[in-house]
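Protein chains in written order, with our numbering: chain C, 1 to 221; chain B, 1001 to 1221.
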């Protein structure tokens, strides 16, 4: 019988990237400089559509890389808000995704982490690898859903991380600030830490996170 | 070779229910009477979460009936907005879903439609059948995704309608006000009419609707 899942002493940590380590709303300033007064609503709608399109395309069985989905979400969001988007603005905003800010608790927490740790992200390699590189963070593996052509929270995505890390799923702790992502990982069989920086309610998807933390620091405690 | 898809003379019309025939925001008044000043934001968040949960549960392979998803979405939305939800309020609001208002253009348009027509809905039979009954609308078939245990826009859902109606997909016109639903149907192979009552942009999912209409009346023209 495999050992019981233990969120407190896992063999490996697997981190979500966008929204967990990297702040997707750090694009807001550039949005604001393009369209004064519209930075915050644009950044919010861009992110919301980006997520919706990952779910809808996965269900339609019409996967497109996250870079394509992110561009399409930006085009939609600008049109919905009545903002004209030039090619140069599109490229400028997309380039922001290659250098998103890390949250303040990330760099120190990860540098002190002695356990094997990896990223599991919706990001296609063309977006994800430059971002990780520019941030200076180090991982034992950077895993993209791109090779499966389906997005989170499909169970095969979480299974990919267990396979790549050659680690039993019960021995993996998954860390995400996106509650639906944490619960998708829980449904698959990981132990999960939900990083609830914004004091949001738990999503109602039939599962609960093993632990709810305010910041990444707490996973080391 | 099968005949070309013709959105203008289909053998059957298939209609989405929630948001297309039935106004999901007709619950707003009851939300407002429970929590004055919060009716509109509650109704909006309730609907947004209801949809998110259908996509996320489908991808997680953790289907639950639409009645369960709708209750869970309401519970989340109330907690997120800081509203206490009693059992009586939950039951009262859920009962509103059994008698949603039809949009003003629905009854007359459907009564004049001589072509075979059906509903294809995410709604589980416990919600959908009482709603159709109470509205007095008549259909040749009322089809729920519930027997497949997956929600729109999975292609097998649209295929279910073609099978039930014993009609080639190229001869079916699908009608939805939810653009992502219309595009899911297009991706599967139906001709699609997107009823764009709110003048929204087309969703960016790699497909376009065959026709964009302002109201249901126009499908008869």
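All C-beta atoms in this analysis are idealised placements derived from N, C-alpha and C, irrespective of residue type, glycine included. Computed from a predicted model, the values in this text were never measured in an experiment.
Counterpart residues of residue i in DSSP-defined beta bridges
i, result
"residue 163/C", "In the DSSP output, where bridge partners are listed per residue, residue 163/C has none listed."
"residue 1018/B", "1022/B"
"residue 175/C", "15/C and 193/C"
"residue 1150/B", "Looking at the DSSP assignment, residue 1150/B forms no beta bridge with any residue, so it has no partner."
"residue 1102/B", "1022/B"
Alpha-carbon to alpha-carbon, residue j and residue i
i, j, result
"residue 1124/B", "residue 1152/B", "13 angstroms"
"residue 18/C", "residue 1013/B", "41 angstroms"
"residue 1137/B", "residue 1087/B", "31 angstroms"
"residue 219/C", "residue 213/C", "8 angstroms"
"residue 1166/B", "residue 1203/B", "30 angstroms"
"residue 1009/B", "residue 1177/B", "20 angstroms"
"residue 1098/B", "residue 168/C", "46 angstroms"
"residue 102/C", "residue 1069/B", "34 angstroms"
"residue 1058/B", "residue 34/C", "37 angstroms"
"residue 49/C", "residue 1142/B", "30 angstroms"
"residue 1210/B", "residue 75/C", "21 angstroms"
"residue 1128/B", "residue 1094/B", "12 angstroms"
"residue 1051/B", "residue 134/C", "36 angstroms"
"residue 1046/B", "residue 1121/B", "18 angstroms"
"residue 201/C", "residue 1106/B", "37 angstroms"
"residue 89/C", "residue 67/C", "15 angstroms"
"residue 117/C", "residue 199/C", "26 angstroms"
"residue 1060/B", "residue 40/C", "31 angstroms"
"residue 215/C", "residue 196/C", "7 angstroms"
Below-8 angstroms beta-carbon distance, residue i vs any chain C residue
i, result
"residue 1060/B", "yes"
"residue 1076/B", "yes"
"residue 1155/B", "yes"
"residue 1162/B", "no"
"residue 1138/B", "no"
Where the beta strand (DSSP E) through residue i begins and ends
i, result
"residue 1194/B", "1191-1195"
"residue 1213/B", "1211-1213"
"residue 142/C", "141-144"
Residue-level contact to chain B via CB, residue i, 8 angstroms cutoff
i, result
"residue 36/C", "no"
"residue 97/C", "no"
"residue 184/C", "yes"
"residue 42/C", "no"
"residue 171/C", "no"
"residue 79/C", "yes"
"residue 57/C", "yes"
Span of the alpha helix (DSSP H) around residue i
i, result
"residue 1073/B", "1066-1080"
"residue 120/C", "Careful: residue 120/C lies outside any alpha helix (DSSP H), inside the beta strand (DSSP E) at 116-121."
"residue 1089/B", "1087-1096"
"residue 1063/B", "Here residue 1063/B belongs to no alpha helix (DSSP H), and DSSP marks it neither H nor E."
"residue 1029/B", "1028-1034"
"residue 216/C", "It is not in any alpha helix (DSSP H) - residue 216/C carries neither H nor E in the DSSP assignment."
heavy atom of the ligand PLP below 7 angstroms from residue i C-beta
i, result
"residue 16/C", "Among the ligands in the structure shown, none appear at all, so the ligand PLP cannot be discussed."
Contact check, residue i vs residue j, beta carbons under 8 angstroms
i, j, result
"residue 42/C", "residue 100/C", "no"
"residue 1091/B", "residue 1030/B", "no"
"residue 187/C", "residue 207/C", "yes"
"residue 1119/B", "residue 1190/B", "no"
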